[in-house]
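Protein chains in written order, with the numbering used here: chain L, 4 to 381; chain U, 56 to 133. Where a beta carbon is used, it is the ideal one built from N, C-alpha and C, also for glycine. Everything numeric in this text was worked out from a predicted model, so none of it was measured. Written below as structure tokens is the structure these notes are about.
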């Protein structure tokens, strides 16, 4: 089961960054993605098409598929490997009026045991000679959680997202963006399949499992800053930082550094990203007894952890807008990237090691993430 | 970040916006000086479909979400 879809942010991503005053370029992208790590393989396509209609409207549509084959550490210790498919589509519209751009979007996601719908609205305003763009956004999500082994099980999950962002041109070579986002969830937030581990002297292993139980609400705040600088030669460098906190006592810091270097018709990108977080207050790798606390979870993503990603990306523009007649196509490129992800968990044991209770090694995750996509502008 | 911290940040943003409304601000980077900013390598999110995907992965593998300007999204795949 795929869970906790934050479709709101996905919508914001697909509709572009805070740029008012002009409509986005007409373009189409067809992407293949593959995630391979920790016993999980997820792949599928994503197709994005954007087209202007008249001078003030741009419409955008996206179709995205995740095909999952999972034998993750969670699954092999408490359940059976499974396959799953998630299909998602979205439709949106940008309306430009003077220096103001208004966007509305709808996204729907379906899988065998989880449905999600989100509607979002945002408005961007260019100010101060187009040096500043202010964006306000709101989104409302409505999810339905089910169990594949229990047709009578249905739980709701509602989500609201409030965001404010400022994109600022600081100098001839430097642009930055500051974004603040609050997300509130209310409803069934835990995974209906996942279990927590508790000490049980009556068990041969020394521990047993019981269903996890999360609070019914969560509110998170995230403040992110990005700045990109054009170097003295034709290349760019970008720094990012994000501070995150929520009512589950997760506090996170994320930082990244990116270098972009064009060379002829190629553009090469290298990026390093680091993330660290504390664990949720109701998380434990091993509870002292059954129902030891009011809320309990053993989702490794809620553990204290550090993640490291190294990315390499290359893009090749094989059609240019240089006077050649390529029909309706103005230019085209192909892009390939690989992200190498490593996660160290501070408080999540690898139970497959079959070590004595309390002596299990900490789990580590390594994943390779591949993307290949074609883009045409028309 | 508690509610008080959130309030302070919002207040600071409002004060900044209020101050900037006190008088006309001359653009200190003229339109004809923005050629480097218009270079595709300076686009903060040049490939939305790719950014959306990778943020989806991060949100599935980490406990944090949002605030990154262009993207987010994710699932908590088991």
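Below the 8 Å Cβ cutoff, chain U contributes 104, 105 and 108 as neighbours of residue 34 (chain L), in chain order. Within chain U, the residues whose beta carbon sits less than 9 Å from that of residue 134 (chain L) are 80, 82, 83 and 84, listed in sequence order. For the pair residue 377 (chain L) and residue 318 (chain L), the CB atoms are not nearer than the 8 Å cut-off. Checking the DSSP bridge columns, you'll see residue 224 (chain L) partnered with L:185 and L:248.
Under the three-state reduction of DSSP output, residue 346 (chain L) falls in the strand class. Close partners of residue 227 (chain L) in chain U (Cβ separation under 9 Å): 121, 122, 123 and 124. Straight through space, the alpha carbons of residue 144 (chain L) and residue 163 (chain L) are spaced by roughly 6 Å. Straight across, the Cα-Cα distance linking residue 291 (chain L) with residue 195 (chain L) is about 22 Å. The beta carbon of residue 44 (chain L) does not come within 8 Å of any beta carbon belonging to chain U, so the residue lies off that interface. The three-state reading of DSSP puts residue 30 (chain L) in strand, counting E and B together. A distance below 6 Å between beta-carbons, with the five flanking residues on each side excluded, links residue 255 (chain L) to the following residues of its chain, in chain order: 247 and 280. Put simply, the CB of residue 345 (chain L) is far from chain U, with every gap to its CB atoms at 8 Å or more. Against residue 200 (chain L), chain U offers no close residue; the least beta-carbon distance is about 15 Å (beta-carbon pairs closer than 9 Å). Residue ranges of uninterrupted beta strand (DSSP E) with 3 or more members, entirely inside the stretch 250-316 of chain L and ordered along the chain, are 254-266 and 269-280. In terms of beta-carbon proximity, residue 214 (chain L) stays away from the interface with chain U, with every pair separated by 8 Å or more.
In this model, residue 42 (chain L) and residue 87 (chain L) are separated by some 14 Å (Cα to Cα). 8 Å or more divides the Cβ of residue 109 (chain L) from the Cβ of residue 141 (chain L). At least one C-beta of chain U is nearer than 8 Å to the C-beta of residue 176 (chain L). For residue 372 (chain L), the uninterrupted beta strand (DSSP E) segment begins and ends at 365-380. Closest by C-alpha distance to residue 243 (chain L), out of L:260, L:135, L:295 and L:204, is L:260.
Looking at L:29, L:64, L:198 and L:153, the one whose alpha-carbon comes closest to that of residue 79 (chain L) is L:198. DSSP, reduced to helix, strand and coil, places residue 201 (chain L) within a strand of the structure shown. A Cβ-Cβ separation of about 4 Å places residue 283 (chain L) in contact with residue 251 (chain L) under the 8 Å criterion. The stretch 329-344 of chain L and the stretch 305-315 of chain L touch, with no fewer than 3 CB-CB distances between them shorter than 8 Å.
Cα atoms of residue 92 (chain L) and residue 362 (chain L): separation of roughly 46 Å, rounded to the nearest angstrom. Note that the stretch 50-59 of chain L does not touch the stretch 171-182 of chain L; fewer than 3 beta-carbon pairs, one per stretch, sit closer than 8 Å. Contact annotation: in the stretch 349-365 of chain L, no residue has its CB less than 7 Å from a CB in chain U.
With fewer than 16 other Cβ atoms from the protein chains shown falling within 10 Å of its own Cβ, residue 273 (chain L) counts as exposed.
When the alpha-carbon of residue 322 (chain L) is set against those of L:296, L:306 and L:379, the nearest one is in L:379. Looking at the DSSP output, residue 166 (chain L) sits in a beta bridge with L:140 and L:184. Between the alpha carbons of residue 219 (chain L) and residue 55 (chain L) lies a distance of about 42 Å.
Beyond the five residues adjoining it in sequence on each side, residue 45 (chain L) comes within less than 6 Å, by CB distance, of 38, 69 and 71 in the same chain, given in chain order. Per DSSP, residue 238 (chain L) has no beta-bridge partner at all.
Apart from sequence neighbours up to five positions away, the residues of its chain that approach residue 193 (chain L) with a beta-carbon distance below 6 Å are 215 and 217, ordered along the chain. From the beta-carbon of residue 223 (chain L), the residues of chain U found nearer than 8 Å are 119, 120 and 121.
Under the Cβ criterion of 8 Å, residue 280 (chain L) is counted among the residues facing chain U.
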